[in-house]
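Participant:
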Amino acid sequence: MATILKGAPVVAAMNEHNAALCEQLKAKGVLPTLAVVRVGEREDDLSYERGVMTRCGKVGVKVKQYLLPADAQQEQLLEVIRQINKDDSIHGCLLFRPLPKQFDDTTVRAALAPEKDIDGITDASLAGVFTNTELGYPPCTAQACLEILKYYGVPLSGKRAVVVGRSLVVGKPAAMMLDRENATVTLCNSRTRDLPAVCKEADVVVVAMGRMGAVGADCLRAGQTVVDVGIHVNEEGRLCGDVQFAAAEPVVDAITPVPGGVGTVTTSVLVGHVVAAAAKKAELL
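Residue 30 is where the sequence shown starts when you use my numbering, and the numbers rise one by one after that.
(1) With a threshold of 16 other CB atoms inside 10 Å of the CB of residue 72, please say whether the residue is buried or exposed.
(2) Can you check the region 188-240 for any alpha helix (DSSP H) of at least 4 residues that lies completely inside it and give the ranges in chain order?
(3) Touching or not, the region 179-191 and the region 121-137, by the rule of three or more beta carbon pairs under 8 Å?
(4) Taking the alpha-carbon of residue 311 as reference, which of 112, 62 and 198 has the nearest alpha-carbon?
(5) Does the region 266-273 come close enough to the region 231-249 that 3 or more CB-CB pairs lie under 8 Å?
(6) Per the DSSP calculation, residue 91 is bridged to which residue(s)?
(7) How is residue 46 classed by DSSP in three states: helix, strand or coil?
(8) Does the region 136-156 come close enough to the region 186-196 that 3 or more CB-CB pairs lie under 8 Å?
(9) If you measure between the beta carbons of residue 177 and residue 34, is that distance less than 7 Å?
(10) What does a CB cutoff of less than 6 Å around residue 162 pick up in its chain, not counting 5 residues either side in sequence?
(11) Figure out for me which residue from 234, 78 and 118 has the closest Cα to the Cα of residue 126.
(12) Please state whether the Cβ-Cβ distance between residue 203 and residue 174 is less than 7 Å.
(13) Between residue 98 and the rest of its own chain, which residues show a CB-CB distance below 8 Å, the 5 nearest in sequence each way excluded?
(14) Which residue's Cα is closest to the Cα of residue 44: 313, 309 and 293?
(15) Between 258, 222 and 249, which has its C-alpha nearest residue 286's C-alpha?
(16) So residue 106 is in the alpha helix (DSSP H); what residue range does that whole segment cover?
(17) Buried or exposed: where does residue 253 fall if 16 or more other Cβ atoms within 10 Å of its Cβ makes it buried?
(18) Please state the DSSP three-state secondary structure of residue 282.
(19) What is the DSSP secondary structure of residue 121, reduced to helix, strand or coil?
(20) In whole angstroms, what separates the C-alpha of residue 215 from that of residue 100?
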């Protein structure tokens, strides 16, 4: 039976660290502040926003909301972003995407100052991930994978890692971050030839395909650690991931659950980026 790598203990440790840093900042007269920018009222955006606000409140981060109607025009959103860029009291910005069809995503992303991009959506932030420099912050879900592996002491240096999925949100940045930890990384996609054989070579498998139950026991072996990034609703109305958990859990050594795994940690990573941005500005980091 595999060890279940739950997100809750990781979140608790991150909350403790973030709360302590917030107290240090407040002693210097700095209140870490997050700007939340939302266009329209998509239910998944609202749910994530509630989670972010709750997590921010627990550690002492202030939240400013900038809410636009679904029929808002691009210039209205760009003006909000310009205001956030100029406001020294705001340390990070969360912009909900995908945006409605009247917006040009590339233009909007480019408008955000990289130092306030705590969700890793700008090209500069992604460049920072790929060049191992402090330009913005990495995508939160990709970093959440690494936070879980580090918290549970999963060895990475010198190990083989396979990342299944090549999006700029998770797959590619996660691969680069694993490489930074001196893992030997293979980045796979839906057209990878003999994916099960490639996956079985790995010590650590990160699955971010965006396809429910895409990875089963045929892709896995004993001794592996599996990080499941997927989140779906199955026919029974239950949340599940990209990995067939019931088939994988008896085979591998350790696996993240869905729900209760990577998604749980992602929000804490976002909040941590806000606190880190405030600390950098206050020269505490």
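Here a beta-carbon is modelled for each residue, glycine too, at the ideal position from N, C-alpha and C. As the structure is a computational prediction, the values presented were derived from the model and not from experiment.
Facilitator: Let's see:
(1) Along the sequence shown, read from residue 1 onward, the residue named residue 72 stands at position 43. Classification of residue 72: exposed, given that the 10 Å Cβ count is below 16.
(2) 200-209 and 224-229
(3) no
(4) Indexing the sequence shown from 1 puts residue 311 at position 282. Out of 112, 62 and 198, 62 has the C-alpha closest to the C-alpha of residue 311.
(5) yes
(6) Counted from its first residue, the sequence shown places residue 91 at position 62. The partner list for residue 91 (beta bridge, DSSP) reads 62.
(7) Working through the sequence shown from its first residue, we reach residue 46 at position 17. It is helical.
(8) no
(9) Here the question's residue 177 lines up with position 148 in the sequence shown. Here the question's residue 34 lines up with position 5 in the sequence shown. Yes, the pair counts as a contact, with Cβ atoms nearer than the cut-off.
(10) Indexing the sequence shown from 1 puts residue 162 at position 133. No residues qualify anywhere along the chain.
(11) Within the sequence shown, numbered from 1, the residue matching residue 126 stands at position 97. Ranking the options by Cα distance to residue 126, first place goes to 78.
(12) In the sequence shown, the residue the question calls residue 203 occupies position 174. In the sequence shown, the residue the question calls residue 174 occupies position 145. For residue 203 and residue 174, yes; Cβs fall inside 7 Å.
(13) Numbered from 1 along the sequence shown, position 69 holds the residue referred to as residue 98. Counting only Cβ-Cβ distances below 8 Å, and skipping sequence neighbours, we find 68 and 69.
(14) One-based indexing of the sequence shown puts residue 44 at position 15. Cα-wise, what sits closest to residue 44 is 293.
(15) By 1-based counting over the sequence shown, the position of residue 286 is 257. Checked all of 258, 222 and 249; the closest Cα to residue 286 is 258.
(16) Here residue 106 refers to the residue found at position 77 of the sequence shown. Residue 106 -> alpha helix (DSSP H) spans 103-115.
(17) Residue 253 sits at position 224 when you count from the first residue of the sequence shown. Result: buried.
(18) The residue given as residue 282 occupies position 253 in the sequence shown. The answer is coil: DSSP assigns residue 282 none of H, G, I, E or B.
(19) Taking the first residue of the sequence shown as position 1, residue 121 is located at position 92. In this structure, residue 121 counts as strand in the three-state DSSP scheme.
(20) Position 186 of the sequence shown, counted from the start, is the residue given in the question as residue 215. Position 71 of the sequence shown, counted from the start, is the residue given in the question as residue 100. About 42 Å.
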